[in-house]
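Here this note's numbering is used: the first residue of the sequence shown is 1074, the next is one more, and so on. Ideal Cβ positions, reconstructed from N, Cα and C, are used throughout, including at glycine. Everything on this sheet refers to the single structure shown next.
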Amino acid sequence: MGDRRTGSDSVRRCIVSPASSLNRGLHSLPLPLLGSDLEVPLVTGERARYVNLDYAASAPCLRSVGDAVTAALPWYSSVHRGAGFASTVSSEMYGAARNAVGRFVGARSTDRVVFVRNTTDALNLLSHVLPADTTVVTFVSEHHANLLPWRRGRFIHLPVPRRREDVPGLVEAALAGARSRHKLLAIAGASNVTGEILPIAELASITRRHGARLAVDAAQLIAHRPIDMASLGVDYLVASGHKLYAPFGSGVLVGPSDWLDAATPYLAGGGAARYVSLDSVEWADGDQRHEGGTPNLLGAIAMSAACQALSQVGMAQVAAHEEALRGRIVRGLSTREGVEPLSIWEPAGDRVGIVAFTVRGWHPSAFAAALSAEYGIGVRDGAFCAHPLLSILAPNQPGAVRVSFGVGTNDADVDRLLEAVFDLVRRGARWRYRKEGGRFVPDPDPRPKPVLHSDLPSVGAIEPSSTGGCGVARVA
1074 MGDRRTGSDS
1084 VRRCIVSPAS
1094 SLNRGLHSLP
1104 LPLLGSDLEV
1114 PLVTGERARY
1124 VNLDYAASAP
1134 CLRSVGDAVT
1144 AALPWYSSVH
1154 RGAGFASTVS
1164 SEMYGAARNA
1174 VGRFVGARST
1184 DRVVFVRNTT
1194 DALNLLSHVL
1204 PADTTVVTFV
1214 SEHHANLLPW
1224 RRGRFIHLPV
1234 PRRREDVPGL
1244 VEAALAGARS
1254 RHKLLAIAGA
1264 SNVTGEILPI
1274 AELASITRRH
1284 GARLAVDAAQ
1294 LIAHRPIDMA
1304 SLGVDYLVAS
1314 GHKLYAPFGS
1324 GVLVGPSDWL
1334 DAATPYLAGG
1344 GAARYVSLDS
1354 VEWADGDQRH
1364 EGGTPNLLGA
1374 IAMSAACQAL
1384 SQVGMAQVAA
1394 HEEALRGRIV
1404 RGLSTREGVE
1414 PLSIWEPAGD
1424 RVGIVAFTVR
1434 GWHPSAFAAA
1444 LSAEYGIGVR
1454 DGAFCAHPLL
1464 SILAPNQPGA
1474 VRVSFGVGTN
1484 DADVDRLLEA
1494 VFDLVRRGAR
1504 WRYRKEGGRF
1514 VPDPDPRPKP
1524 VLHSDLPSVG
1534 AIEPSSTGGC
1544 GVARVA
């Protein structure tokens, strides 16, 4: 993968952008992030301000979210389980967080807001509460979390249409042909691979016309676009806190109470039961029915704080900020021969801050490794837990490179990315890379790992995953 060399002038230009570029857009949104001034070591021996372009995997933590969690910690106690004053305060904070998240997504007054671990957990909960004789309709382009849970019952996989305007017709035909008593259309609000947004309001109208319900996987939408479930006609919405600048282990399922109240608890145990004898159980109603065990109070508070911070700035402003950045990235990448941005539909419609691309002659893992090791830029590579879609968009390739961004991204970050991509395409890697566990890593890797806590094992002792989380697309 190229000779091992020390830094060059072109590398240094990518590490430290011109002052005019650095000053552009640095404070375009008043939403400071923890880690925004983080510096990382490079294999060249230099250090660089870390450019985080992996928001779609896990967004960084808003400073206001960290502050809210820190403020709550002294009061942390059991929720709905104690008579102490701290327990009472904790219970009230938990209820307030539930209400805040519901308001942020435009939930109806009759909707349940159930806290779970993440989006995958929420979709599995929804799968658990489906009534008998339900058909679930999804597109093959979905994230695995919105494909695999439905395989326990009857499902229909729709092909990826050539044009975005063909989506409603495919859904209409599928729902009209389904003969089950209950029907559910489960879609991603925005693709986690390309960022393209589906026509949610139009699809909601179609589902109502056929007596069906609509579930929206908002993992890639909730932090980037305004959502109003009531006005859009969305029945169920699922999302993760770690995509919402609140990485404290909480997610949410929002939706009508009937299916949730009719099903047995998702997690049987304390909190989910009102009364238990040796031969019977009376399950709780409401949100607690599916929140067995001690709830993640801090995760709920974090999600609530993120919702409040984004609301104060305004989601329209967030969307405009990200669209300007996305336009610069796409235009820049499109000018470089051999770099191909991926798109489900042409011309592409509205998108959130995600751009995936392939680079001719480069394995995506090697390209991502070089961006990190030589330029201090963090991106994602692979199949992004969407293997069927990647097999369509990038056939005969082991995946793609994905950059994703949000409220903390600025023009200087875009400049760093484009300069690094152009440099790698033009000159190649300046360090050797070897394949280890299915991924490319620097060979050798002289970057010192941080010592986060004296009682923790060395970071360098952690074995890398052989699949990179979701693996890579299989090459025929």
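Can you tell me whether DSSP reads ALA1473 as helix, strand or coil?
strand
Is the segment 1305-1324 touching the segment 1372-1379 in the sense that three or more CB pairs, one from each, lie closer than 8 Å?
yes
Leaving out five residues before and five after ASP1358 in sequence, what residues of the same chain have Cβ atoms less than 7 Å from its Cβ?
ASP1334
With a threshold of 8 Å, are at least 3 pairs of Cβ atoms found where one atom belongs to the segment 1111-1123 and the other to the segment 1434-1454?
The segment 1111-1123 makes contact with the segment 1434-1454: 3 or more CB pairs, one atom from each, lie closer than 8 Å.
So, at 7 Å on beta carbons, what are the nonlocal neighbours of PHE1430 in its own chain, with the 5 sequence-adjacent residues on each side left out?
LEU1406, VAL1412, GLU1413, PRO1414, LEU1415, ALA1473 and VAL1474
Please determine if the segment 1511-1526 and the segment 1140-1149 are in contact, where contact requires at least 3 C-beta pairs separated by less than 8 Å.
Short answer: they don't touch.
Contact belief for LEU1231 with LEU1243 at Cβ below 8 Å, rounded distance in angstroms
5 Å
Excluding the 5 residues flanking HIS1283 on each side, which residues of the same chain have their C-beta closer than 7 Å to its C-beta?
Excluding five sequence positions before and after HIS1283, the CB atoms of its chain that fall closer than 7 Å to its own CB belong to LEU1248, ALA1249 and LYS1256, given in chain order.
Confirm, please, whether the CB-CB distance from ILE1295 to ASP1423 is below 8 Å.
The answer is no: Cβ separation not under 8 Å.
Are the Cβ atoms of SER1377 and VAL1189 separated by less than 8 Å?
no
Skipping 5 residues on each side, what residues in its chain have a beta carbon closer than 6 Å to that of PHE1158?
none
Are the beta-carbon atoms of VAL1178 and LEU1310 separated by less than 8 Å?
yes
At the level of alpha carbons, what is the spacing between PHE1440 and SER1350?
59 Å
Please say whether SER1477 and HIS1315 have beta carbons closer to each other than 8 Å?
no
One or two residues paired with SER1313 in a DSSP bridge:
GLY1324
Run through the segment 1132-1193 for me and flag every whole beta strand (DSSP E) of 3 or more residues, listed as ranges in chain order.
1185-1189
Helix, strand or coil, according to DSSP, for ASN1125 in the structure here?
strand
DSSP state of PHE1228, grouped into three classes?
strand
Starting from the C-beta of THR1207, find all residues in its chain whose C-beta is less than 8 Å away, skip the five residues before and the five after it, and write them out in chain order.
GLY1226, ARG1227, SER1253, ARG1254, HIS1255, LYS1256 and LEU1257
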